[in-house]
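Peer 1: In this note's numbering, the protein residues as written are 17 to 134.
Don't be surprised by glycine CBs; every beta carbon is placed ideally from N, CA and C.
The structure displayed is predicted, hence computed values, not measured ones.
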């Protein structure tokens, strides 16, 4: 995703250190911002994903592997949909990533309950 943001910077002429393009200065600002936002959103979700994956995986490694795969594949499509310039396209397949996160939360809660019960 980061490489695609770099290519979008060149394509839409958005120079560093500008994080988001301004529409009054760049006619392609919305297209670039959609690429940037899709990437940024994935980065924002990573800490929660990693924590849930590690903790839930201590008790349910196979289930968490499958849920992690579902999450990662859906994030790819979330990013691709967002990058089209129509943010609603991010949810076509990308919405299933939230099921992966929900499953990881359940596995993590299960691990926590096991620790509490001893």
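With respect to the alpha helix (DSSP H) encompassing residue 37, which residues constitute its N-terminal and C-terminal limits?
Peer 2: What you label residue 37 is simply residue 21 of the chain shown in a count that begins at 1. Taken as a continuous stretch (DSSP letters only), residue 37 belongs to no alpha helix (DSSP H), as it is neither H nor E.
Peer 1: Can you give me the C-alpha to C-alpha distance between residue 29 and residue 58, rounded to a whole angstrom?
Peer 2: Taking the chain shown and counting its residues from 1, the one referred to as residue 29 is at position 13. Taking the chain shown and counting its residues from 1, the one referred to as residue 58 is at position 42. So the two alpha carbons sit approximately 23 Å from each other.
Peer 1: Taking just the CA atoms, how far does residue 95 sit from residue 74?
Peer 2: Numbered from 1 along the chain shown, position 58 holds the residue referred to as residue 74. Numbered from 1 along the chain shown, position 79 holds the residue referred to as residue 95. Those two C-alpha atoms are separated by around 29 Å.
Peer 1: Alpha carbon to alpha carbon, how far is residue 132 from residue 47? Give it in angstroms, no decimals.
Peer 2: In the chain shown, counting from the first residue as 1, residue 47 sits at position 31. In the chain shown, counting from the first residue as 1, residue 132 sits at position 116. Cα to Cα, the separation comes out at about 49 Å.
Peer 1: Ignoring anything shorter than 4 residues or poking outside the region 65-117, list the alpha helix (DSSP H) runs there in chain order.
Peer 2: List check, alpha helix (DSSP H) in window: 77-98, 107-110.
Peer 1: Below 9 Å between beta carbons: does that hold for residue 90 and residue 54?
Peer 2: Sequence index remark: in the chain shown, residue 90 carries index 74 (1-based). Sequence index remark: in the chain shown, residue 54 carries index 38 (1-based). For residue 90 and residue 54, no; Cβs fall outside 9 Å.
Peer 1: CB residue 35 to CB residue 87, shorter than 9 Å?
Peer 2: As a first step, residue 35 must be located in the chain shown, where it is residue number 19. As a first step, residue 87 must be located in the chain shown, where it is residue number 71. Not in contact: residue 35 and residue 87 (Cβ atoms no closer than 9 Å).
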